[in-house]
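First comes the structure, then the notes that go with it.
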Amino acid sequence: MRDALCQGLVERPHASLEGAKAGGLQLPAADLVHNDQAEASAIRRTRASFPPGYAERLLAGRVRMLNLWRPINGPVENHPLAVCDGSSYDPSKLLEADIIRVTYTGHMMYALYDPGMAWYYMGRQRDDEVVIFQSDNSKDGVAKYVPHSAFALPDKDPEEYVRMSIEVTAMVFSGTEA
């Protein structure tokens, strides 16, 4: 690994967006299956974050975007994070969408229903337990994305517990001598 570039996000499901911090730093949990990045997101972000020559040297190697997610008021009683096995879905069932925030415009993807998707989640996840998953990978022949979503547990009152979490996205560059 050569360099890493990170950004953070605090999530509060079912919280009013009124009073959300500028730049989208405090948002409700996403209850739709999605991937935080879209085709070429890592390339665009690298070029926007590093000087031109250096960015191109980084992009000559492998670029991955990893999400690190954990609750900050665990254990999670409702709306846990579910992640899809990146090898179990049909990539053609992902639809690209724009993300427009005060300080950033980017792209993400929503997943259409795919019966082949295999899902996993950590029940009653604690604050000291971190889920790490990939949101982009430039390497050919491997799963590129890991769709994910929060979801309501069927036996829980959605208003009884409000999950809060923090998510950090790290760009990881390898295989290059930038």
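Numbering (the numbering used here), first residue to last: 1 to 178. Beta carbons: idealized from backbone N, C-alpha and C, even for Gly.
>> Could you compute how far the alpha carbon of aspartate 155 sits from the alpha carbon of arginine 47?
In response: One alpha carbon belongs to aspartate 155, the other to arginine 47, and they sit about 46 Å apart.
>> Tell me which residue opens and which closes the beta strand (DSSP E) that glycine 106 is part of.
In response: 105-111
> Which whole-angstrom value is the C-beta distance of glutamine 134 and glycine 175, which I expect to be below 8 Å?
Replying inline: Not a contact, Cβ separation roughly 16 Å.
> If you follow the beta strand (DSSP E) that leucine 94 is part of, which residue opens it and which one closes it?
Replying inline: 94-100
>> On the DSSP bridge list, what partners appear for valine 83?
In response: Tyr120 and His148
> What residue from Tyr54, Val63 and Pro51 has the CA that sits closest to serine 219's CA?
Replying inline: Only positions 1 to 178 of the chain appear in this structure, which leaves residue 219 out of reach.
> proline 71 bridges to which residues according to DSSP?
Replying inline: Ser165
> Relative to the alpha-carbon of glutamine 125, which residue among Arg45, Pro75, Ala150 and Ala118 has its alpha-carbon at the smallest distance?
Replying inline: Residue Pro75 holds the alpha-carbon nearest to the alpha-carbon of glutamine 125 among Arg45, Pro75, Ala150 and Ala118.
>> Can you tell me whether alanine 55 is helix, strand or coil according to DSSP?
In response: helix
> Is it buried or exposed for glutamate 160, if we count other Cβ within 10 angstroms and need 16 for buried?
Replying inline: Glutamate 160 comes out exposed.
> Relative to the C-alpha of alanine 152, which residue among Leu81, Ile72 and Tyr110 is closest?
Replying inline: Leu81
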